[in-house]
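Below is one structure, written out as structure tokens, with a few remarks after it.
2 protein chains.
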Amino acid sequence: MIIIKDIPKIQELRKLQSKQIWGFVPTMGALHQGHISLIKQAIKENDVCIVSIFVNPAQFNDLSDLAKYPRKTEQDIGILEKEGVDVLFMPEAEDIYPRDFNTIVKNLNLSDQLEGMTRKGHFDGVCTVLTKFFNIIYPQTVYFGQKDVQQLLVVKKLVYDLNYNITVKGCPIFRDSNGLALSSRNEGLTLAQIRSAAVLFQSLLLAKKIVSKGEKKSAIIIAKMEQLINQVPSIKIDYIAITDVVKLEPVQDIAGGVLISLAVYFGSIRLIDNIEIIP
Amino acid sequence: MIIIKDIPKIQELRKLQSKQIWGFVPTMGALHQGHISLIKQAIKENDVCIVSIFVNPAQFNDLSDLAKYPRKTEQDIGILEKEGVDVLFMPEAEDIYPRDFNTIVKNLNLSDQLEGMTRKGHFDGVCTVLTKFFNIIYPQTVYFGQKDVQQLLVVKKLVYDLNYNITVKGCPIFRDSNGLALSSRNEGLTLAQIRSAAVLFQSLLLAKKIVSKGEKKSAIIIAKMEQLINQVPSIKIDYIAITDVVKLEPVQDIAGGVLISLAVYFGSIRLIDNIEIIP
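As they're listed, the protein sequences go chains Z and W.
Reminder that position 64 of the first sequence reads as 64 in this note's numbering, one-by-one numbering, no gaps.
Reminder that position 11 of the second sequence reads as 290 in this note's numbering, one-by-one numbering, no gaps.
Now the structure itself:
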């Protein structure tokens, strides 16, 4: 595996390999099985698999959250070597955002609801850094996990609106044996908390069951989910939302497919999860 | 010359010619000698010269200004054929901005002063459409006139900040025999107005002369320019500004190189001009 920190070096390599099909998996490191499933798919489908590890300061509205985000570079490199990744791009923040950097790429309709409510500017940071990465790397395909479903929708819209010749693939959520969605943020949980956090997926499955029994009212479904989650007193709900799957606008009465998404705080750790339901 | 309206057709052509060096001259049509000088340079320096004609609605804050912007497609095509342009890209607004388009690319520091004061959102429209054009066309070099000097600086910053592998070339202002900077907007002036409008360049030359004689106070220089321009009563000054040449921030006392730029209204026609001065 080639490890590259310099932007011009990646550009040089891409020029040399201009005939190759590159598949790109952007990450913030602290890799888990969810990332690995994306990487395996990228390796299978492309000539070259490039992974980035970059804890993007622009997508953190909370500096303490940025500071405590897990970093496990040594371990990550071992994982990527073992999986057979071709290129690891690991830029420095000061190279991505030089001192006078002042350009922003913004999706106007998908950025302010759900995650954007709590994490102001988060998706502007995501769009801006990915625009840069796309211009540096020229990937044919880019891979994202469906756990960050709003991010996946935002990136698809970014690529469509800005005419990038890139396929955006969303890959299934990877869950532990209790159903907890894998996340680098789980690193901050105790084993007991990890067991309790299974209630998040249980609440999504409960919603699915209620809908399959004919319930159409989002308010009733959300209330039942809240009731279940609140049985774990140390979990504080940030939001539970039932929305359409394109514009992420709230749905009052379920008629077609919907996305149920949630975010909670477990102490200082924020966890998200979602499920798509077709009644 | 190949004339292409469809975005996918340009992308196909670019793929076929992926080894070629493409030089790109974005225009809004109503071509004049200023454009032609850019085109001649692009033809000389590249394998393929591609010109776009697109009156970009996103960079007009004033709909009546958009409506009355001169359109001379037939004549433009004749000019481009004669010059030996290879590809003319002439997309429709509804293809560039589909109904659900909602992404914006914004320079945060260079967009609100000078032209951005009067034309709110103008440079966001410029940055957004150029990001799209760059992703569709993959030019190696892009050419802009120095008359729109703020646009030139904004585009250079856009390319730098977003890591486009593109060289941005600024080409000298093309002036008529009286010194009036050529502009598609001059189309709306009477011959008498065109003669009077020479006062704009005269005021810039006056400023240069005053500076060369040792004057350092911007306020004094601007006052003398105003005095000269106001001798044409039908011209209404929008702004005269003396700024640095990088961040376009006002300079009170001239020490190094400065940019003197101005915008005026001649009836409903808005004209701009500028000069760079090194004392």
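A virtual CB, placed ideally from N, CA and C, is assigned to each residue, including glycine.
Remember, it's a predicted structure, so these values are computed and weren't measured experimentally.
Considering only the alpha carbon of each residue, which of the options lies closest to residue i?
i      : options                        : result
W:L484 : W:V434, W:L541, W:I516, W:S463 : W:L541
W:M307 : W:K488, W:P370, W:K385         : W:P370
W:K323 : W:T420, W:T397, W:D285         : W:T420
W:N548 : W:Q320, W:L468, W:I516         : Sequence inspection shows Ile at residue 548 of chain W; the Asn mentioned does not correspond to that position. Ranking the options by Cα distance to W:I548, first place goes to W:L468.
Z:T131 : Z:N56, Z:A241, Z:L228, Z:D6    : Z:N56
W:E362 : W:Q320, W:Q296, W:P558, W:L550 : W:Q320
W:I242 : Z:I21, Z:K156, Z:I136          : A question about residue 242 of chain W goes unanswered here, because the residues of chain W that appear run from 280 up to 558.
Z:L248 : Z:T128, Z:D62, Z:M117          : Z:M117
Z:D238 : Z:R119, Z:G257, Z:S52          : Z:R119
W:I383 : Z:I235, Z:V251, Z:Y160         : Z:Y160
Z:K9   : Z:R71, Z:L88, Z:L180, Z:Y69    : Z:L88
Z:G257 : Z:Q33, Z:S212, Z:Q231, Z:I235  : Z:S212
W:Y376 : Z:F54, Z:N163, Z:A207, Z:P70   : Z:N163
Z:R175 : Z:D244, Z:Q59, Z:L63, Z:R195   : Z:R195
Z:A58  : Z:F101, Z:Q17, Z:E81           : Z:F101
Z:M1   : Z:K169, Z:S234, Z:E81, Z:F54   : Z:E81
W:L479 : W:K496, W:I501, W:K495         : W:I501
W:F333 : W:D285, W:E291, W:R378, W:A498 : W:D285
Z:A241 : Z:F123, Z:I275, Z:A181, Z:E74  : Z:I275
Z:Y143 : Z:V155, Z:K169, Z:V149         : Z:K169
W:K496 : W:P529, W:V434, W:V428         : W:P529
Z:T243 : Z:A219, Z:P233, Z:N230         : Z:A219
Z:L66  : Z:R185, Z:Y265, Z:Q113, Z:K156 : Z:R185
W:K435 : W:E466, W:Q392, W:F402         : W:F402
Residue i to residue j, Cα distance in whole Å?
i      : j      : result
W:Q472 : W:D552 : 16 Å
W:S482 : W:I452 : 16 Å
Z:L110 : Z:L191 : 35 Å
Z:K224 : Z:E115 : 22 Å
Z:I210 : Z:I254 : 12 Å
Z:G125 : Z:Q151 : 11 Å
Z:L153 : W:L317 : 40 Å
Z:S177 : Z:L31  : 18 Å
Z:I36  : Z:S183 : 12 Å
Z:G267 : Z:F24  : 33 Å
W:K385 : Z:G214 : 46 Å
Z:P139 : W:F413 : 16 Å
Z:L108 : Z:C127 : 11 Å
Z:L228 : Z:P279 : 21 Å
Z:V285 : Z:G121 : Given a span of 1 to 279 for chain Z in the structure shown, any question on residue 285 of chain Z remains unanswerable.
W:G458 : Z:K15  : 45 Å
Z:I235 : Z:V245 : 26 Å
W:L437 : W:I539 : 23 Å
W:K347 : W:G424 : 22 Å
W:K298 : W:E291 : 13 Å
W:D355 : W:S343 : 23 Å
W:K487 : W:I556 : 6 Å
W:A476 : W:L550 : 9 Å
W:T352 : W:I282 : 12 Å
Z:V264 : Z:Q252 : 22 Å
W:V428 : W:E505 : 21 Å
Z:E187 : Z:A181 : 12 Å
Bridge partners of residue i, per DSSP?
i      : result
W:E555 : W:L538
W:K496 : W:D532
W:K515 : W:Y544
Z:S184 : Answer is none; Z:S184 lacks a bridge partner.
W:R549 : W:Y544
W:G302 : W:C328, W:T420
Z:C171 : Z:G145
Z:L88  : Z:I3, Z:V51
W:V408 : According to DSSP, which records beta bridges pairwise, W:V408 is partnered with nothing at all.
Z:N107 : W:T382
W:A520 : W:S540
Is the Cβ of residue i closer than 8 Å to any Cβ of chain C?
i      : result
W:T522 : No chain C appears in the structure shown, which is made up of the protein chains Z and W.
Assuming residue i and residue j make a contact with CB atoms under 8 Å, what is their CB distance in whole Å?
i      : j      : result
W:D365 : W:C328 : 5 Å
Z:I21  : Z:N61  : In fact, because the Cβ distance is near 36 Å, the residues do not count as touching under 8 Å.
W:K426 : W:G357 : With a Cβ gap of about 23 Å, W:K426 and W:G357 do not count as contacting.
Z:P70  : Z:S52  : Between Z:S52 and Z:P70 the Cβ distance is about 16 Å, and since that is not below 8 Å, they are no contact.
Query raised in the report: Using a beta-carbon distance cut-off of less than 7 Å, what residues from the segment 404-423 of chain W approach chain Z?
Result: T410, K411, N414, I415
Query raised in the report: Can you list, in chain order, the residues of the segment 376-405 of chain W whose Cβ is nearer than 7 Å to any Cβ on chain Z?
Result: F380, N381, T382, I383, V384, K385, N386, L387, N388
Query raised in the report: In chain order, what residues of the segment 433-447 of chain W put their CB closer than 8 Å to some CB of chain Z?
Result: K436, L437, D440, L441, N442, Y443, N444
Requested in this report: For the segment 314-332 of chain W, enumerate the residues whose C-beta is nearer than 9 Å to any C-beta of chain Z, in chain order.
Outcome: none
Query raised in the report: Listed in chain order, which residues of the segment 6-26 of chain Z have Cβ atoms closer than 8 Å to some Cβ of chain W?
Result: I7, Q11, S18
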